[in-house]
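In what follows, a single structure is set out as structure tokens and then discussed.
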Amino acid sequence: MPSGGGKWVIEAPYVMQAANDLQYHLGWSVQIYNAAEALPNLINPFWMLPLLGVLG
Numbered sequence: 003m004p005s006g007g008g009k010w011v012i013e014a015p016y017v018m019q020a021a022n023d024l025q026y027h028l029g030w031s032v033q034i035y036n037a038a039e040a041l042p043n044l045i046n047p048f049w050m051l052p053l054l055g056v057l058g
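Counting in the working numbering, the final residue of the sequence shown is number 58, and the numbers go up one at a time with none missing.
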């Protein structure tokens, strides 16, 4: 399954239901979901820099 929009179509009902059950703000739930999905894409490349330096 592709990430981004296609993944959201599958997972949105579960995320929204959990937010409703916990009486949590739906907008914040979507933003937290998006941030949690994007954060590894921003951090992971920086772990590769020291490894590239060690391996040459």
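Glycine residues also receive a C-beta, built at the ideal position from the N, C-alpha and C atoms.
Keep in mind the model is a prediction, meaning the values are calculated, not measured.
Backbone CA spacing between residue i and residue j [nearest angstrom]
i: residue 23; j: residue 55; result: 48 Å
i: residue 16; j: residue 47; result: 30 Å
i: residue 50; j: residue 58; result: 12 Å
i: residue 30; j: residue 21; result: 9 Å
i: residue 10; j: residue 52; result: 33 Å
Local conformation of residue i per DSSP, three classes
i: residue 58; result: coil
i: residue 24; result: coil
Cβ neighbours of residue i in the same chain (closer than 7 Å, five flanking residues each side left out)
i: residue 28; result: 18 and 21
Neighbourhood of residue i by C-beta, 8 Å cutoff - its chain only, sequence neighbours within 5 removed
i: residue 13; result: 35
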